[in-house]
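**Q**
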Amino acid sequence: MREADLDAVMKVENRSYPHPWSRGTMRDCLHAGYSAWVMEHGHDIVAYAVLSFGPGEVHLLNLCVDPDVQSKGLGRKMLRAMMRMAKLRNVDQMLLEVRPSNTAAVALYNSESFNEIGRRPRYYPAANGTREDAIVMAIELSVTTL
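Quick note: the sequence shown uses the numbering used here, first residue 156, plus one each step.
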């Protein structure tokens, strides 16, 4: 992902989430050197992912697929590409947070052998000023075949 991609990325982000990341957050991730990738179909960005690498682990901060092309395997394709990239960097573990209400994402991560390792209470903003927990999930990449 490049800064020139941000307009298209933000269109997908804003269409996908009731509480999307801001353009500033996305830009800050790029400036901080996070690993950010886009998936294109034709000339359109249809998915993206943002990763933060640390010693021995990588945190999947955001993985998003345009609502118009969801349920076509693009999320799985992007997730597997990010896992392969992490393995190439000799990372042992991938971590992520996901909303329990995002049942499609939870099902994807479970099907790829991620395990729930905890919860973060009231982590995400939700409707009517309430908060939603985050499920913390992880996978040991050293034992995963991709």
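Where a beta carbon is used, it is the ideal one built from N, C-alpha and C, also for glycine.
Among all the DSSP beta bridges, which residues are the ones paired with residue 209?
**A** Its beta-bridge partners are 212.
**Q** Going by alpha carbons, who is nearest to residue 230 out of 210, 266, 250?
**A** Nearest of 210, 266, 250 to residue 230, Cα basis: 266.
**Q** Go to residue 287, then tell me how far its alpha helix (DSSP H) extends in each direction, as first and last residue.
**A** Per DSSP, residue 287 belongs to no alpha helix (DSSP H); it is in the beta strand (DSSP E), 286–295.
**Q** Quick check: residue 201 and residue 181, are their CB atoms within less than 8 Å of each other?
**A** Cβ atoms of residue 201 and residue 181: not closer than 8 Å.
**Q** Excluding the five sequence neighbours on either side, which residues of its own chain have a C-beta within less than 7 Å of the C-beta of residue 169, listed in chain order?
**A** These residues qualify, in order along the chain: 175.
**Q** So, residue 171 versus residue 222, is the Cβ gap smaller than 8 Å?
**A** Cβ distance < 8 Å, so residue 171 and residue 222 count as in contact.
**Q** State the start and end residues of the unbroken alpha helix (DSSP H) segment that holds residue 230.
**A** From DSSP, the alpha helix (DSSP H) with residue 230 extends over 229–243.
**Q** Using only CA atoms, which one of 212, 213, 232 lies nearest to residue 219?
**A** Closest by alpha carbon: 232.
**Q** Alpha carbon to alpha carbon, what distance is there between residue 238 and residue 253?
**A** Each residue's Cα considered, the two are about 17 Å apart.
**Q** Tell me, which residues are paired with residue 280 by DSSP?
**A** 286, per the DSSP bridge assignment.
**Q** Taking C-alpha atoms, which residue in 162, 248, 240, 192 lies nearest to residue 210?
**A** Comparing Cα-Cα distances from residue 210 to each of 162, 248, 240, 192, the minimum goes to 248.
**Q** Looking at C-alpha atoms only, which residue of 287, 263, 197 is the closest neighbour of residue 274?
**A** The candidate whose alpha carbon is nearest that of residue 274 is 287.
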